[in-house]
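Heads up, the sequence shown is in full-length UniProt numbering, so the first residue is 1 and it goes up one at a time.
For each residue, glycine too, the CB sits at the ideal point set by N, CA and C.
None of the values given here were measured: they were computed from a predicted structure.
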Amino acid sequence: MHFLPNHVYTIASREQYNDTNVLLDLYEPTSENGTPSYIWSQSDQKEALNQRWLVKEVDGHPGIYTLRNIRTGTYLDLNEGSSKNGTKVQGWASLAGTPHAQNSQWRIIASGNHFKIQNVASKTYLDLAGKKHIPGTQVVGWQIDSTPTQDWVFRRVSRTGTEIKALLASNKSVDNNVESYLKEGIYIVLPKSVRDDILHRSGLGSSLKWRKEIFDSDDFAFVSKSHVAKWGATELLGDGFAILWGVVFGGQKDSAHVYNFFLNDNLDGIVFCDPKTGEQKDTIRHKGYLSLF
(Lines of atoms letter the chains of each structure in order from A and count residues from 1; the text may use other names and numbers.)
(Lines give C-alpha, C1' and ligand atoms only; values in the text may rest on other atoms or scores of the structure.)
Protein backbone atom coordinates (compact mmCIF):
# COMPACT_ATOMS: atom_id res chain seq x y z
CA MET A 1 0.00 0.00 0.00
CA HIS A 2 1.05 3.60 -0.64
CA PHE A 3 1.99 5.74 2.34
CA LEU A 4 2.83 9.45 2.25
CA PRO A 5 4.64 10.86 5.30
CA ASN A 6 3.88 14.26 6.78
CA HIS A 7 0.11 13.98 6.39
CA VAL A 8 -2.89 13.52 8.68
CA TYR A 9 -4.31 9.97 8.83
CA THR A 10 -6.95 7.89 10.47
CA ILE A 11 -5.50 4.55 11.59
CA ALA A 12 -7.99 1.68 11.66
CA SER A 13 -7.66 -1.82 13.04
CA ARG A 14 -7.56 -4.35 10.21
CA GLU A 15 -10.77 -5.98 11.43
CA GLN A 16 -14.09 -4.17 11.65
CA TYR A 17 -16.59 -4.46 14.47
CA ASN A 18 -20.19 -4.97 13.32
CA ASP A 19 -19.20 -3.72 9.84
CA THR A 20 -17.82 -0.49 11.32
CA ASN A 21 -14.20 0.65 11.30
CA VAL A 22 -12.56 0.95 14.71
CA LEU A 23 -9.89 3.63 14.86
CA LEU A 24 -6.87 4.50 16.96
CA ASP A 25 -8.10 7.06 19.49
CA LEU A 26 -7.24 8.75 22.79
CA TYR A 27 -9.41 8.46 25.87
CA GLU A 28 -11.89 11.35 26.45
CA PRO A 29 -9.67 13.04 24.86
CA THR A 30 -7.28 14.96 27.06
CA SER A 31 -3.76 16.29 26.61
CA GLU A 32 -2.71 14.99 30.04
CA ASN A 33 0.40 12.80 29.92
CA GLY A 34 -0.44 9.12 30.28
CA THR A 35 -3.88 9.33 28.67
CA PRO A 36 -4.50 5.78 27.38
CA SER A 37 -4.91 5.01 23.71
CA TYR A 38 -7.73 2.72 22.68
CA ILE A 39 -9.82 1.90 19.62
CA TRP A 40 -13.26 3.33 19.06
CA SER A 41 -15.92 3.23 16.37
CA GLN A 42 -15.30 5.64 13.52
CA SER A 43 -17.07 8.92 14.23
CA ASP A 44 -18.47 11.66 12.01
CA GLN A 45 -18.91 14.04 14.96
CA LYS A 46 -16.41 16.23 16.82
CA GLU A 47 -14.90 13.04 18.28
CA ALA A 48 -13.60 12.22 14.80
CA LEU A 49 -10.85 14.76 15.39
CA ASN A 50 -9.26 12.74 18.20
CA GLN A 51 -9.10 9.86 15.70
CA ARG A 52 -6.80 11.84 13.40
CA TRP A 53 -3.03 11.69 13.62
CA LEU A 54 -0.33 13.80 12.02
CA VAL A 55 2.27 11.27 10.91
CA LYS A 56 5.56 13.09 10.56
CA GLU A 57 9.00 11.77 9.69
CA VAL A 58 11.63 12.49 12.34
CA ASP A 59 14.25 14.91 11.04
CA GLY A 60 17.43 13.07 10.11
CA HIS A 61 15.87 9.63 10.63
CA PRO A 62 14.30 8.34 7.41
CA GLY A 63 11.56 5.77 7.95
CA ILE A 64 10.96 6.77 11.59
CA TYR A 65 7.85 8.74 12.51
CA THR A 66 5.97 10.46 15.29
CA LEU A 67 2.17 10.16 15.48
CA ARG A 68 0.65 13.33 16.91
CA ASN A 69 -3.02 13.53 17.82
CA ILE A 70 -4.37 16.67 16.17
CA ARG A 71 -6.97 17.33 18.86
CA THR A 72 -4.85 16.86 22.00
CA GLY A 73 -1.46 17.82 20.56
CA THR A 74 0.15 14.86 22.34
CA TYR A 75 2.14 12.06 20.73
CA LEU A 76 1.52 8.33 20.61
CA ASP A 77 3.94 6.90 23.16
CA LEU A 78 4.87 3.51 24.63
CA ASN A 79 5.06 3.69 28.42
CA GLU A 80 8.74 3.84 29.44
CA GLY A 81 9.66 2.24 26.09
CA SER A 82 9.14 -1.16 27.71
CA SER A 83 9.33 -4.32 25.58
CA LYS A 84 7.04 -6.19 27.98
CA ASN A 85 3.90 -7.58 26.33
CA GLY A 86 0.83 -5.55 27.26
CA THR A 87 2.70 -2.29 27.88
CA LYS A 88 0.35 0.69 27.83
CA VAL A 89 0.24 2.90 24.74
CA GLN A 90 -0.61 6.47 25.66
CA GLY A 91 -0.58 10.13 24.75
CA TRP A 92 2.44 12.12 25.91
CA ALA A 93 3.94 15.56 25.39
CA SER A 94 6.84 15.85 22.97
CA LEU A 95 9.97 13.99 24.05
CA ALA A 96 12.07 15.32 21.17
CA GLY A 97 15.64 16.00 22.25
CA THR A 98 15.35 13.94 25.44
CA PRO A 99 16.83 10.49 26.25
CA HIS A 100 13.29 9.08 25.98
CA ALA A 101 12.51 10.37 22.49
CA GLN A 102 12.38 6.86 21.00
CA ASN A 103 9.44 5.95 23.24
CA SER A 104 7.33 8.17 20.95
CA GLN A 105 8.93 7.12 17.67
CA TRP A 106 7.56 4.46 15.34
CA ARG A 107 8.36 2.53 12.20
CA ILE A 108 5.46 1.99 9.78
CA ILE A 109 6.10 -1.29 8.01
CA ALA A 110 4.13 -2.54 5.01
CA SER A 111 2.57 -5.97 5.62
CA GLY A 112 0.55 -7.11 2.62
CA ASN A 113 -2.41 -4.76 2.28
CA HIS A 114 -1.89 -3.37 5.78
CA PHE A 115 0.81 -1.86 7.98
CA LYS A 116 2.46 -2.83 11.24
CA ILE A 117 3.52 -0.08 13.64
CA GLN A 118 6.74 -0.81 15.55
CA ASN A 119 8.00 1.20 18.49
CA VAL A 120 11.62 2.26 18.01
CA ALA A 121 12.60 1.96 21.69
CA SER A 122 11.12 -1.46 22.43
CA LYS A 123 10.95 -3.07 18.95
CA THR A 124 7.43 -4.22 19.91
CA TYR A 125 4.32 -3.60 17.83
CA LEU A 126 1.07 -1.74 18.26
CA ASP A 127 -1.55 -4.32 19.27
CA LEU A 128 -4.92 -4.65 21.01
CA ALA A 129 -5.32 -5.94 24.56
CA GLY A 130 -6.69 -9.47 24.64
CA LYS A 131 -6.42 -9.59 20.83
CA LYS A 132 -9.90 -8.03 20.67
CA HIS A 133 -11.14 -5.42 18.22
CA ILE A 134 -14.17 -4.32 20.26
CA PRO A 135 -14.62 -0.54 20.70
CA GLY A 136 -13.03 0.53 23.97
CA THR A 137 -10.20 -2.03 23.79
CA GLN A 138 -6.91 -0.59 25.02
CA VAL A 139 -3.95 -0.32 22.66
CA VAL A 140 -0.75 -1.99 23.91
CA GLY A 141 2.75 -2.95 22.84
CA TRP A 142 3.35 -6.62 21.98
CA GLN A 143 6.03 -8.83 20.49
CA ILE A 144 5.42 -9.54 16.82
CA ASP A 145 3.01 -12.33 15.96
CA SER A 146 0.64 -13.28 13.15
CA THR A 147 -2.62 -12.06 14.71
CA PRO A 148 -4.62 -9.49 12.69
CA THR A 149 -4.80 -7.14 15.69
CA GLN A 150 -1.25 -6.05 14.82
CA ASP A 151 -2.36 -4.97 11.33
CA TRP A 152 -3.51 -1.41 10.67
CA VAL A 153 -5.05 0.51 7.78
CA PHE A 154 -3.94 4.08 7.12
CA ARG A 155 -6.35 6.48 5.38
CA ARG A 156 -4.99 9.88 4.46
CA VAL A 157 -7.42 12.63 5.52
CA SER A 158 -5.35 15.68 4.58
CA ARG A 159 -4.67 17.24 1.21
CA THR A 160 -1.89 19.50 -0.04
CA GLY A 161 -2.46 22.95 -1.45
CA THR A 162 -1.47 21.58 -4.86
CA GLU A 163 -4.14 18.88 -4.64
CA ILE A 164 -6.79 21.42 -3.62
CA LYS A 165 -5.85 23.71 -6.50
CA ALA A 166 -6.23 20.78 -8.91
CA LEU A 167 -9.73 20.06 -7.56
CA LEU A 168 -10.69 23.71 -7.98
CA ALA A 169 -9.32 23.67 -11.53
CA SER A 170 -11.49 20.67 -12.37
CA ASN A 171 -14.67 22.31 -11.04
CA LYS A 172 -16.64 24.07 -13.78
CA SER A 173 -18.10 26.60 -11.33
CA VAL A 174 -14.77 28.42 -10.86
CA ASP A 175 -12.00 29.84 -13.01
CA ASN A 176 -8.44 28.69 -12.50
CA ASN A 177 -7.43 31.78 -10.54
CA VAL A 178 -6.38 30.46 -7.14
CA GLU A 179 -4.13 31.76 -4.38
CA SER A 180 -3.16 29.97 -1.16
CA TYR A 181 -1.46 31.35 1.93
CA LEU A 182 0.52 28.14 2.53
CA LYS A 183 2.65 27.17 -0.45
CA GLU A 184 3.59 23.71 0.82
CA GLY A 185 1.03 23.23 3.59
CA ILE A 186 -1.43 20.44 4.29
CA TYR A 187 -5.12 20.93 5.03
CA ILE A 188 -7.82 19.01 6.84
CA VAL A 189 -11.61 19.22 6.49
CA LEU A 190 -13.83 19.46 9.56
CA PRO A 191 -16.72 17.00 10.00
CA LYS A 192 -20.06 18.37 8.80
CA SER A 193 -21.52 18.42 12.30
CA VAL A 194 -18.63 20.62 13.46
CA ARG A 195 -18.94 22.95 10.48
CA ASP A 196 -22.67 23.34 11.05
CA ASP A 197 -22.16 24.04 14.75
CA ILE A 198 -19.53 26.72 14.07
CA LEU A 199 -21.82 28.48 11.59
CA HIS A 200 -24.73 28.28 14.01
CA ARG A 201 -22.71 29.76 16.87
CA SER A 202 -21.29 32.51 14.64
CA GLY A 203 -24.67 34.25 14.50
CA LEU A 204 -24.40 34.70 10.74
CA GLY A 205 -27.87 35.09 9.28
CA SER A 206 -29.49 35.44 12.72
CA SER A 207 -27.95 38.09 15.00
CA LEU A 208 -25.62 39.16 12.17
CA LYS A 209 -27.90 39.92 9.23
CA TRP A 210 -27.20 40.95 5.66
CA ARG A 211 -27.10 44.72 5.12
CA LYS A 212 -26.46 46.28 1.77
CA GLU A 213 -22.73 46.93 1.37
CA ILE A 214 -22.07 47.45 5.10
CA PHE A 215 -22.35 43.71 5.83
CA ASP A 216 -22.56 41.98 2.48
CA SER A 217 -21.79 38.45 1.28
CA ASP A 218 -18.01 38.99 1.32
CA ASP A 219 -18.27 39.97 4.99
CA PHE A 220 -20.27 36.82 5.70
CA ALA A 221 -17.56 34.68 4.06
CA PHE A 222 -14.64 36.25 5.91
CA VAL A 223 -16.43 36.33 9.27
CA SER A 224 -17.24 32.62 8.91
CA LYS A 225 -13.59 31.94 8.06
CA SER A 226 -12.49 33.83 11.18
CA HIS A 227 -14.88 31.79 13.35
CA VAL A 228 -13.44 28.56 11.94
CA ALA A 229 -9.90 29.80 12.63
CA LYS A 230 -10.78 30.74 16.23
CA TRP A 231 -12.48 27.39 16.76
CA GLY A 232 -9.38 25.57 15.49
CA ALA A 233 -7.04 27.59 17.69
CA THR A 234 -9.11 26.64 20.74
CA GLU A 235 -10.12 23.05 20.01
CA LEU A 236 -7.17 21.59 18.08
CA LEU A 237 -4.01 21.55 20.18
CA GLY A 238 -1.86 19.98 17.48
CA ASP A 239 -0.30 22.06 14.72
CA GLY A 240 1.54 21.59 11.44
CA PHE A 241 -1.68 21.56 9.39
CA ALA A 242 -4.41 24.04 8.45
CA ILE A 243 -8.21 23.84 8.31
CA LEU A 244 -9.51 24.23 4.77
CA TRP A 245 -12.15 26.96 4.76
CA GLY A 246 -11.60 28.86 1.54
CA VAL A 247 -13.29 31.86 -0.04
CA VAL A 248 -14.59 32.12 -3.63
CA PHE A 249 -15.60 35.41 -5.22
CA GLY A 250 -18.32 34.85 -7.81
CA GLY A 251 -20.11 37.13 -10.21
CA GLN A 252 -22.68 37.45 -12.96
CA LYS A 253 -23.52 40.41 -15.20
CA ASP A 254 -25.91 41.95 -12.70
CA SER A 255 -24.90 40.48 -9.32
CA ALA A 256 -22.08 39.10 -7.19
CA HIS A 257 -21.77 36.63 -4.35
CA VAL A 258 -19.00 35.26 -2.15
CA TYR A 259 -18.92 31.67 -0.89
CA ASN A 260 -16.82 29.55 1.40
CA PHE A 261 -15.53 26.18 0.24
CA PHE A 262 -14.00 22.96 1.55
CA LEU A 263 -13.84 19.34 0.34
CA ASN A 264 -16.43 16.57 0.38
CA ASP A 265 -16.25 13.52 2.65
CA ASN A 266 -14.16 11.61 0.10
CA LEU A 267 -11.78 14.57 -0.26
CA ASP A 268 -12.09 14.36 -4.03
CA GLY A 269 -14.41 17.27 -4.82
CA ILE A 270 -15.20 20.87 -3.87
CA VAL A 271 -18.19 21.77 -1.69
CA PHE A 272 -19.38 25.39 -1.74
CA CYS A 273 -21.09 26.87 1.30
CA ASP A 274 -23.23 30.00 1.48
CA PRO A 275 -22.26 31.34 4.94
CA LYS A 276 -25.47 33.37 5.14
CA THR A 277 -27.78 30.35 4.86
CA GLY A 278 -25.46 27.40 5.53
CA GLU A 279 -26.54 25.82 2.22
CA GLN A 280 -23.90 23.46 0.81
CA LYS A 281 -23.64 22.30 -2.81
CA ASP A 282 -21.10 21.24 -5.42
CA THR A 283 -21.93 23.98 -7.96
CA ILE A 284 -22.64 27.70 -7.63
CA ARG A 285 -24.80 30.06 -9.69
CA HIS A 286 -22.30 32.93 -9.67
CA LYS A 287 -19.21 31.95 -11.66
CA GLY A 288 -16.17 31.96 -9.39
CA TYR A 289 -13.42 34.26 -10.65
CA LEU A 290 -11.05 34.22 -7.65
CA SER A 291 -10.48 31.50 -5.04
CA LEU A 292 -8.44 32.01 -1.86
CA PHE A 293 -7.45 29.58 0.90
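Taking leucine 23 and leucine 236 to be in contact with their CB atoms under 8 Å, please state how far apart those CB atoms are, rounded to whole angstroms. Taking the sequence shown and counting its residues from 1, one reaches residue 23 at position 23. Taking the sequence shown and counting its residues from 1, one reaches residue 236 at position 236. Not really, about 17 Å apart at Cβ, beyond 8 Å.
From Phe215, Ala221, Gly203, Leu168, pick the residue whose C-alpha is nearest to that of valine 271; which is it? The sequence position of residue 271 within the sequence shown is 271, counting from 1. Out of Phe215, Ala221, Gly203, Leu168, Leu168 has the C-alpha closest to the C-alpha of valine 271.
Please look up how many angstroms separate the CB atoms of leucine 76 and glycine 91, rounded, as I've assumed it's under 8 Å. Residue 76 sits at position 76 when you count from the first residue of the sequence shown. Residue 91 sits at position 91 when you count from the first residue of the sequence shown. That belief holds up - the Cβ atoms of leucine 76 and glycine 91 are roughly 7 Å apart, short of 8 Å.
What's the call for leucine 40, buried or exposed, on a 16-neighbour Cβ count within 10 Å? As a working mapping, residue 40 is identified with position 40 in the sequence shown. Contrary to the premise, residue 40 reads as tryptophan rather than leucine in this sequence. Its Cβ being crowded by 16 or more others within 10 Å, tryptophan 40 is buried.
Inter-residue spacing [alpha-carbon to alpha-carbon] between arginine 159 and glycine 141: In the sequence shown, residue 159 corresponds to position 159, counting from 1. In the sequence shown, residue 141 corresponds to position 141, counting from 1. Going from the Cα of arginine 159 to the Cα of glycine 141 covers about 31 Å.
Opposing strand residues paired with tyrosine 187 [DSSP bridges]: Working through the sequence shown from its first residue, we reach residue 187 at position 187. Answer is Arg159, Ala242, bridged to tyrosine 187.
Can you pull the DSSP bridge partners for glutamine 90? The residue you call residue 90 lines up with position 90 of the sequence shown. According to DSSP, glutamine 90 bridges with Pro36, Asp77.
Note down, one range per segment and in chain order, each alpha helix (DSSP H) of at least 4 residues found wholly within the stretch 177-230. 192-202
Residues in its own chain within less than 7 Å of asparagine 260 by CB, not counting five upstream and five downstream? Here residue 260 is taken as the residue at index 260 of the sequence shown, counted from 1. Within the same chain, asparagine 260 has close Cβ partners Ala221, Ser224, Lys225, Trp245, Gly246, Val247, Cys273, Pro275.
Short Cβ contact (8 Å threshold) for tyrosine 187 with phenylalanine 249: Here the question's residue 187 lines up with position 187 in the sequence shown. Here the question's residue 249 lines up with position 249 in the sequence shown. No, Cβ-Cβ distance for tyrosine 187 and phenylalanine 249 is not below 8 Å.
Closer than 8 Å by C-beta to proline 5: which residues in its own chain qualify, once you throw out the five before and the five after it? Chain order, please. Residue numbering aside, residue 5 sits at position 5 when the sequence shown is read from its first letter. For proline 5, where only same-chain residues beyond five positions count, the Cβ hits under 8 Å are Val55, Lys56, Glu57, Tyr65.
In whole angstroms, give me the CA-to-CA distance for arginine 68 and arginine 211. Sequence index remark: in the sequence shown, residue 68 carries index 68 (1-based). Sequence index remark: in the sequence shown, residue 211 carries index 211 (1-based). Their backbone Cα atoms lie some 44 Å apart in a straight line.
Taking residue 312 as part of the beta strand (DSSP E), name the residues at either end of that continuous run. Because the chain in this structure spans residues 1 to 293, residue 312 falls outside the shown range and cannot be described.
Sort Val8, Asp218, Asp59, Val228 by Cα distance to arginine 201 and report the nearest one. One-based indexing of the sequence shown puts residue 201 at position 201. Selected option, being the one with the closest Cα: Val228.
Following the continuous beta strand (DSSP E) through glycine 141, name the residue where it begins and the one where it ends. Here residue 141 refers to the residue found at position 141 when the sequence shown is read from its first residue. Run containing glycine 141: 139-142, per the beta strand (DSSP E) assignment.
Look at the Cβ atom of leucine 258, then the Cβ atom of serine 207, and state whether they are nearer than 8 Å. Position 258 of the sequence shown, counted from the first residue, corresponds to residue 258. Position 207 of the sequence shown, counted from the first residue, corresponds to residue 207. The identity of residue 258 in the sequence shown is valine, whereas the question assumes leucine. Against a cut-off of 8 Å, the Cβ pair of serine 207 and valine 258 comes out as no contact.
If you compare alpha carbons, which of Asp25, Phe262, Asp145, Ser83 is closest to serine 13? Numbered from 1 along the sequence shown, position 13 holds the residue referred to as residue 13. That would be Asp25, whose Cα lies nearest to the Cα of serine 13.
Neighbourhood of asparagine 85 by C-beta, 8 Å cutoff - its chain only, sequence neighbours within 5 removed: By 1-based counting over the sequence shown, the position of residue 85 is 85. Thr124, Val140, Gly141, Trp142, Gln143.
Just to confirm, is the Cβ distance from histidine 114 to tryptophan 152 under 8 Å? For the purposes of this step, residue 114 is taken as residue 114 along the sequence shown, with counting starting at 1. For the purposes of this step, residue 152 is taken as residue 152 along the sequence shown, with counting starting at 1. Yes; because the gap between Cβ atoms is below 8 Å, this pair is in contact.
In DSSP terms, what asparagine 119 is bridged to: Numbered from 1 along the sequence shown, position 119 holds the residue referred to as residue 119. Per DSSP, Trp106.
From this set, Val120, Thr277, Asp127, which residue's C-alpha is nearest leucine 204's C-alpha? Here residue 204 is taken as the residue at index 204 of the sequence shown, counted from 1. The shortest Cα separation from leucine 204 among Val120, Thr277, Asp127 belongs to Thr277.
Residues near threonine 72 in its chain [Cβ-Cβ closer than 8 Å; skip 5 each side]: By 1-based counting over the sequence shown, the position of residue 72 is 72. So the qualifying residues of the chain are Leu26, Pro29, Thr30, Ser31, Thr35, Asn50, Gly91, Leu237, Gly238.
What's the gap between the Cα of threonine 10 and the Cα of arginine 156? Against the sequence shown, residue 10 aligns to sequence position 10. Against the sequence shown, residue 156 aligns to sequence position 156. Each residue's Cα considered, the two are about 7 Å apart.
Measure the beta-carbon distance from alanine 121 to asparagine 103 and round it to whole angstroms, keeping in mind my assumption that it falls under 8 Å. Taking the sequence shown and counting its residues from 1, one reaches residue 121 at position 121. Taking the sequence shown and counting its residues from 1, one reaches residue 103 at position 103. Yes, they are in contact, since the Cβ atoms of alanine 121 and asparagine 103 sit about 5 Å apart, within 8 Å.
Under 7 Å Cβ to Cβ from glycine 63, same chain only, skipping five residues before and after it: list those, please. To locate residue 63, count along the sequence shown from 1; it is residue 63. Excluding sequence neighbours, glycine 63 sits near Arg107.
Select from Lys287, Glu279, Leu263 the residue whose C-alpha is nearest the C-alpha of alanine 256. As a position in the sequence shown, residue 256 is number 256, starting the count at 1. The shortest C-alpha separation from alanine 256 is found at Lys287.
With threonine 149 and histidine 133 assumed to form a contact (beta carbons below 8 Å), what rounded beta-carbon distance in angstroms separates them? Locating residue 149 in the sequence shown gives position 149, where the first residue counts as 1. Locating residue 133 in the sequence shown gives position 133, where the first residue counts as 1. About 6 Å; that satisfies the 8 Å criterion.
Opposite lysine 287 in the DSSP bridges: which residues? On the sequence shown, position 287 is the one that residue 287 refers to. DSSP lists Gly251 as partners of lysine 287.
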